[in-house]
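So in the working numbering the end of the sequence shown lands on 630, straight run, no missing numbers.
Below is one structure; the comments refer to it alone.
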Amino acid sequence: MQTGLEEVQSETAAGATALVTHLRRNPADVRRPVSELAKEFNLPESFVRTVIEGVSPRRIAAVHRVNLWETFGAWFSRTKKGISTAWEALVRYPLAFFAAVLVLGVLIQCFVIPYVAKGRVPLPEWLSFGSQSSVSAYTIATLITWGVVVVLKLACIARLGQVRFAAWSSFFTALAIGSAIALSDSTPSLPSAIFAFISAMFLTIPYLGMAVLFAVVGGYTQIKGRKQYVTSLSRLELLTTYLNLSARLNYPRADWSAPAEWKPFLWFRAKPLHWILIPSIITSLLIMGFAVTITMLRTGPVTSVIQAVLGISILAVWLGELLLVGLVATQIRSVPRAWLFALYSAVASWAVGLIPLPDYGPHKAFSLAGLIGMVFTTVLHGVIMTIGVVGGQIQYDKRRRMLLEVNDPATLASEMLQVQMLLSQGSTMVTVLVIDAAKSSQMKASADPLVAEFSFRAYQAFIQRHCSVCAGRVHATAGDGAVVAFDSPAEAMAAAEAMLADLDRFNQEENRLKSPFLVRIGIHSGEVVADLDKVVFTEVIDIAAHIEGAAPVGGIAVSEPVTSQFPHRHFELIHPNVDGFRVYALK
């Protein structure tokens, strides 16, 4: 029988618990008058005041405090997303984007810079050379303007990842530079305009090479990004992708047919080595012929114009051969093979130099210059063919995505096969242990939520501790149990027996609930067609869970494949068929 003092203490404890629970759920009520809280929970005002004064005002204010870092992060994310959306909208029409950027550059060059950038800017000592210690502001402004134009265009080309846009961009650039030079001339004339556009074409050649490189790198980066995205998909996402592809297989677009490939590509693909060696040999012969002709004409009455024409012809033939090599490489699709073909081409060109012509022959071919030339040709052809191979992969990927968009059956089936292979990676034998606390709902029903949370957290740590000692990997957890994977039945059985042996100690020392933890354990071995860490639903886990449901409270139930690993242990049949397996209890 309780005394009066004990009754008062009991009522105070109950009121204090109710007050703390209320303030935890409603932290703003800390600011309510003490008298109201004392009356509501039947507690002395001094008691309530002591409770509230013990709470830091900062802790209460933190509930409503605005986190500046989170706010800045959210603003930065929104800004980044807005810029990305605007950029995607701008490059959606690349030719219009190129034209607009270049027109803007020309307008700034002709109508803004001459009136804004005046005078000269002194150079730092490390940049000055000779008597040049300053540079005109007009030159600096021009370089900055066209530098920004080039950066914007290269960024657009890299985003598009297609070489044809690099070619179009180069054409527009030559047109814009020629226009800017012509319009800036104080005494314009037709010859000066022609010279301006010819100069612009020569100035654009390095840009064309850089633009092609950006297009190839950008396209290749996008391909790698898509591949990494597919390989990073979760198993559920892969399953969803597979089902979507399977559904689309029945609805191909009848109003669309794939565009025919460019016919020369079919020829290049059939005999790529022929299309590299023969043009290389012919090019070497033509260059030798032009060079010999120039040498012979030097001794006669020949104008410099003819020599210039022959020199331009050599350059044109050489550039044409490099272009053909790059186009053939798009159909090779193998970088090592491309470099091997580049070596063959260089050796063939070098062998042509053995023909005994003026300034040619074995003496020149085997000279240091001749051997260096062969190495240079190999490297040059190898680099160009590597770019061609990557460009071919980009074009193939673009065509494949185009076919996927129209539900081409063959392409869909190929994509489904790739997803199937990803889903089937890592087939292994595993042993799954499922443990569950019996009557866990009743344990929580009458308990303080915080006490229940503490005890079940300790219970999960108890499972983790014993399973990790036996090399177990916790695959999934719930409040009242866990699914643990082991490499062998012996490890799973050792963990199960260790947990049962230590459960009494856990209930006495770590469990704060009034009811003790009583567990059931089920163990099953089987094959998982994937990495178990990435699988949520698999037959092995389902069967182990069903076996755990058949286990006696405080006992271990195992499937027949597990019992076969313990010939010297005693098991008792408790169920003739659980998902096709006999289930036994360890005695």
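Beta carbons are placed, not taken as given, at the ideal position from N, Cα and C, and that holds for glycine.
message = Could you give the first and the last residue of the continuous beta strand (DSSP E) run that contains Phe-624?
response = Stepping through the sequence shown from its first residue, residue 624 is reached at position 581. It spans 624-629 - the beta strand (DSSP E) in which Phe-624 sits, taken as one unbroken run.
task = Would you list, in sequence order, the uninterrupted alpha helix (DSSP H) runs of no fewer than 4 residues that lie entirely inside the region 234-299?
result = 278-291
task = Return the residue from the list Glu-364, Arg-207, Glu-88 and Leu-66 that minimises the CA-CA distance to Ile-321.
result = Locating residue 321 in the sequence shown gives position 278, counting from the first residue. Checked all of Glu-364, Arg-207, Glu-88 and Leu-66; the closest Cα to Ile-321 is Glu-364.
message = Distance check for Arg-291 and Gly-431, CA to CA, integer angstroms please.
response = Here residue 431 refers to the residue found at position 388 of the sequence shown. Here residue 291 refers to the residue found at position 248 of the sequence shown. If you take the alpha carbons of Gly-431 and Arg-291, they lie about 33 Å apart.
key: Cβ separation of Leu-480 and Leu-561, assumed to be a contact under 8 Å, to the nearest whole Å   = By one-based count along the sequence shown, residue 480 stands at place 437. By one-based count along the sequence shown, residue 561 stands at place 518. Contrary to the premise, residue 480 reads as Ala rather than Leu in this sequence. Right, their Cβ atoms sit about 7 Å apart.
request  = Give the single residue among Gly-435, Gly-332 and Leu-616 whose Cα lies nearest to the Cα of Gly-262.
outcome  = For this step, residue 262 is matched to residue 219 along the sequence shown. Nearest C-alpha to Gly-262: Gly-435.
query = Does the Cβ of Trp-393 have 16 or more other Cβ atoms within 10 Å, making it buried, or fewer, making it exposed?
reply = Residue numbering aside, residue 393 sits at position 350 when the sequence shown is read from its first letter. Buried: at least 16 other Cβ atoms inside 10 Å.
inquiry  = Contact defined as beta carbons within less than 8 Å: I believe Gly-369 pairs with Met-428. What is the distance between those atoms, to the nearest angstrom?
reply    = As a working mapping, residue 369 is identified with position 326 in the sequence shown. As a working mapping, residue 428 is identified with position 385 in the sequence shown. Correct: roughly 7 Å between the Cβ atoms.
request  = Have a look at Asp-523 and Val-477 and give me their C-alpha separation to the nearest angstrom.
outcome  = Numbered from its first residue, the sequence shown carries residue 523 at position 480. Numbered from its first residue, the sequence shown carries residue 477 at position 434. Using only the alpha carbons, I get a separation of about 11 Å.
query = Do the region 440-457 and the region 382-392 meet, that is, are 3 or more Cβ pairs less than 8 Å apart?
reply = no
message = Pop quiz: Phe-84 and Ala-56 are said to be a contact at Cβ under 8 Å. What is the actual Cβ separation, rounded to whole angstroms?
response = Start at 1 with the first residue of the sequence shown, and residue 84 comes out as number 41. Start at 1 with the first residue of the sequence shown, and residue 56 comes out as number 13. No, Phe-84 and Ala-56 are not in contact; Cβ-Cβ is about 12 Å, not under 8 Å.
inquiry  = If I measure Cβ to Cβ from Val-106 and keep anything under 7 Å in the same chain, skipping five residues before and after, which residues do I get?
reply    = In the sequence shown, counting from the first residue as 1, residue 106 sits at position 63. Interpretation of Val-106 is limited by its pLDDT of 49, a score under 50 that renders its predicted location unreliable; the figure taken from the coordinates is listed afterwards. For Val-106, where only same-chain residues beyond five positions count, the Cβ hits under 7 Å are Pro-70.
inquiry  = I'd like to check one pair, Val-571 with Met-472: are the Cβ atoms closer than 9 Å?
reply    = As a position in the sequence shown, residue 472 is number 429, starting the count at 1. As a position in the sequence shown, residue 571 is number 528, starting the count at 1. Yes. Within cutoff.
inquiry  = Quick check: does the Cβ of Lys-161 come within less than 8 Å of any heavy atom belonging to the ligand COA?
reply    = The ligand content of the structure shown is nil, which means the ligand COA is not present either.
message = According to DSSP, Arg-163 sits in a beta bridge with which residue or residues?
response = The residue labelled residue 163 in the question sits at position 120 within the sequence shown. According to DSSP, which records beta bridges pairwise, Arg-163 is partnered with Ser-179.
Rounded straight-line distance, which links the Cα of Ile-319 to that of Ser-377 = Along the sequence shown, read from residue 1 onward, the residue named residue 377 stands at position 334. Along the sequence shown, read from residue 1 onward, the residue named residue 319 stands at position 276. Their backbone Cα atoms lie some 15 Å apart in a straight line.
message = Ala-539 and His-567 - do their beta-carbons sit closer together than 9 Å?
response = Your numbering for residue 567 matches position 524 in the sequence shown. Your numbering for residue 539 matches position 496 in the sequence shown. Not closer than 9 Å, so no.
query = Tell me the DSSP bridge mates of Glu-615?
reply = Translated into the one-based positions of the sequence shown, residue 615 becomes position 572. Answer is Ala-628.
ask   = What are the partner residues of Gly-569, as DSSP defines its beta bridges?
value = Mapped onto the sequence shown, residue 569 falls at position 526. According to DSSP, Gly-569 bridges with Val-473.
Span of the alpha helix (DSSP H) around Val-91 = Counted from its first residue, the sequence shown places residue 91 at position 48. Where Val-91 is concerned, the enclosing alpha helix (DSSP H) stretches over 88-96.
request  = State the beta-bridge partners of Ser-602 as determined by DSSP.
outcome  = One-based indexing of the sequence shown puts residue 602 at position 559. DSSP, once it has assigned bridges, lists Val-626 as partnering Ser-602.
request  = Can you tell me which of Thr-606, Val-526, His-611 and Phe-497 puts its alpha carbon nearest to the alpha carbon of Cys-510?
outcome  = Position 467 of the sequence shown, counted from the start, is the residue given in the question as residue 510. Among Thr-606, Val-526, His-611 and Phe-497, the Cα nearest to that of Cys-510 belongs to Val-526.
query = What is the C-beta distance between Gly-466 and Leu-281, in whole angstroms, given that I count them as a contact (C-beta under 8 Å)?
reply = The residue labelled residue 466 in the question sits at position 423 within the sequence shown. The residue labelled residue 281 in the question sits at position 238 within the sequence shown. The sequence given here places Leu at residue 466; Gly does not occur at that position. Leu-466 to Leu-281, Cβ: 6 Å. Contact.
inquiry  = How far does the beta strand (DSSP E) with Val-134 in it extend, from its first residue to its last?
reply    = If you number the sequence shown from 1, residue 134 lands on position 91. Val-134 -> no beta strand (DSSP E), and no H or E assigned at all.
request  = Please name the residue in Ser-558, Thr-420 and Thr-520 whose C-alpha comes closest to that of Lys-487.
outcome  = Taking the first residue of the sequence shown as 1, we reach residue 487 at position 444. Nearest option by C-alpha distance: Ser-558.
query = Per DSSP, which one or two residues make a beta bridge with Gly-524?
reply = For the purposes of this step, residue 524 is taken as residue 481 along the sequence shown, with counting starting at 1. Asp-479 and Ala-521, per the DSSP bridge assignment.
ask   = When DSSP labels each residue in this structure, what does Ile-375 get in the three-state scheme?
value = For the purposes of this step, residue 375 is identified with residue 332 of the sequence shown, where counting begins at 1. Of the three classes helix, strand and coil, the one that applies to Ile-375 here is coil, per DSSP.
task = Classify Ile-564 as helix, strand or coil using the three-state DSSP reduction.
result = Working through the sequence shown from its first residue, we reach residue 564 at position 521. Reduced to three states, the DSSP call for Ile-564 is strand.
request  = Assuming Ala-519 contacts Leu-556 (C-beta within less than 8 Å), just tell me the rounded distance between them.
outcome  = The residue labelled residue 519 in the question sits at position 476 within the sequence shown. The residue labelled residue 556 in the question sits at position 513 within the sequence shown. Wrong, their Cβ atoms sit about 23 Å apart, outside the cutoff.
key: Spatial distance of Ala-129 from Lys-123 (CA atoms)   = Walking along the sequence shown from the start, residue 129 turns up at place 86. Walking along the sequence shown from the start, residue 123 turns up at place 80. Answer to the nearest angstrom: the Cα atoms are 10 Å apart.
key: Asn-85 in three-state terms, based on DSSP   = Within the sequence shown, numbered from 1, the residue matching residue 85 stands at position 42. The answer is coil: DSSP assigns Asn-85 none of H, G, I, E or B.
ask   = Does the separation of the CB atoms of Val-371 and Phe-333 fall below 9 Å?
value = Here the question's residue 371 lines up with position 328 in the sequence shown. Here the question's residue 333 lines up with position 290 in the sequence shown. No, the pair does not count as a contact, with Cβ atoms beyond the cut-off.
ask   = Could you check where the alpha helix (DSSP H) with Glu-534 kicks off and where it finishes?
value = Here residue 534 corresponds to residue number 491 of the sequence shown, with the count starting at 1. Where Glu-534 is concerned, the enclosing alpha helix (DSSP H) stretches over 532-552.
inquiry  = Suppose you measure from the CA of Val-352 to the CA of Leu-329; what does that come to, to the nearest Å?
reply    = Looking up residue 352 in the sequence shown gives position 309. Looking up residue 329 in the sequence shown gives position 286. C-alpha separation (whole angstroms): 14 Å.
query = Does the Cβ-Cβ distance between Val-221 and Ala-254 come in under 9 Å?
reply = Here residue 221 corresponds to residue number 178 of the sequence shown, with the count starting at 1. Here residue 254 corresponds to residue number 211 of the sequence shown, with the count starting at 1. It should be noted that the sequence gives Gly, not Val, for residue 221. Cβ distance not < 9 Å, so Gly-221 and Ala-254 don't count as in contact.
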